[in-house]
Amino acid sequence: MSDKQVAHMVFFTLKESTNETVQALIDACNCYLTEHDGVIYYSVGARGAEFNRPVNNQTYDVGLHVVFADKAAHDVYQTAPRHLTFIAENKDSWEAVVIFDSYV
Numbered sequence: 073m074s075d076k077q078v079a080h081m082v083f084f085t086l087k088e089s090t091n092e093t094v095q096a097l098i099d100a101c102n103c104y105l106t107e108h109d110g111v112i113y114y115s116v117g118a119r120g121a122e123f124n125r126p127v128n129n130q131t132y133d134v135g136l137h138v139v140f141a142d143k144a145a146h147d148v149y150q151t152a153p154r155h156l157t158f159i160a161e162n163k164d165s166w167e168a169v170v171i172f173d174s175y176v
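Just add 72 to the spot in the sequence shown (first one is 1) and you have this note's numbering.
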């Protein structure tokens, strides 16, 4: 499986959810989590409140979506200095973080 692409989906719930705090986290993602080696696709955005069917999860504020070329690229990203700086500078604002990693 290690030669398959890896989808790394991260869903952040903020301690204080306002338009400003959501945008601040999106800006931090765009500052620290873009342009890493092995990234095939990157996006980040606020949860769409209009997606409110019973099956839609409404418990998070920001969704981060990164697809890596392979597991090796994913693993390097996890310890990359910019990724670690992002965590250190933003973790105090998080109530919860849920991560879904899968091969695609």
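Glycine included, each C-beta is placed from N, C-alpha and C at the ideal position.
Close Cβ partners of residue i (< 6 Å) along its chain, the five nearest in sequence each way excluded
i      : result
SER174 : ALA79
VAL170 : PHE83
Beta-bridge pairing of residue i - partner residues as DSSP gives them
i      : result
PHE140 : VAL78, VAL111
ALA118 : VAL134
THR85  : ALA168
TYR149 : For TYR149, which the question treats as bridged, DSSP gives no partner whatsoever.
ASP173 : HIS80
Cβ-Cβ distance between residue i and residue j below 8 Å
i      : j      : result
GLY117 : ILE98  : yes
TYR113 : THR106 : no
VAL82  : LEU136 : yes
GLU161 : ALA96  : no
Assigned exposure category for residue i - 16 Cβ within 10 Å defines buried
i      : result
CYS103 : exposed
VAL176 : exposed
Residues of its chain near residue i, where Cβ-Cβ distance is below 8 Å and the 5 sequence neighbours each way are ignored
i      : result
ARG154 : TYR104, LEU105, HIS108
GLN77  : ILE112, VAL139, PHE140, ALA141, ASP142, TYR175, VAL176
HIS146 : VAL78, HIS80, GLY110, PHE140, ASP173
PHE158 : ALA100, CYS101, CYS103, TYR104, LEU105
Own chain residues within Cβ distance below 7 Å of residue i, not counting five before or after
i      : result
GLY133 : Looking at the sequence shown, residue 133 is not Gly but Asp. Closer than 7 Å at Cβ, skipping near neighbours: PHE84, THR85, LEU86, SER89, VAL94, ALA118, ARG119.
GLU167 : THR85, LEU86, LYS87
ASP75  : ASP142
Any non-hydrogen atom of the ligand GTP within 7 Å of residue i CB
i     : result
LEU86 : The ligand GTP is not part of the structure shown, which contains no ligands of any sort.
### Message
Would you call the segment 142 to 160 in contact with the segment 82 to 91, where contact means no fewer than 3 C-beta pairs closer than 8 Å?
### Response
These segments do not touch.
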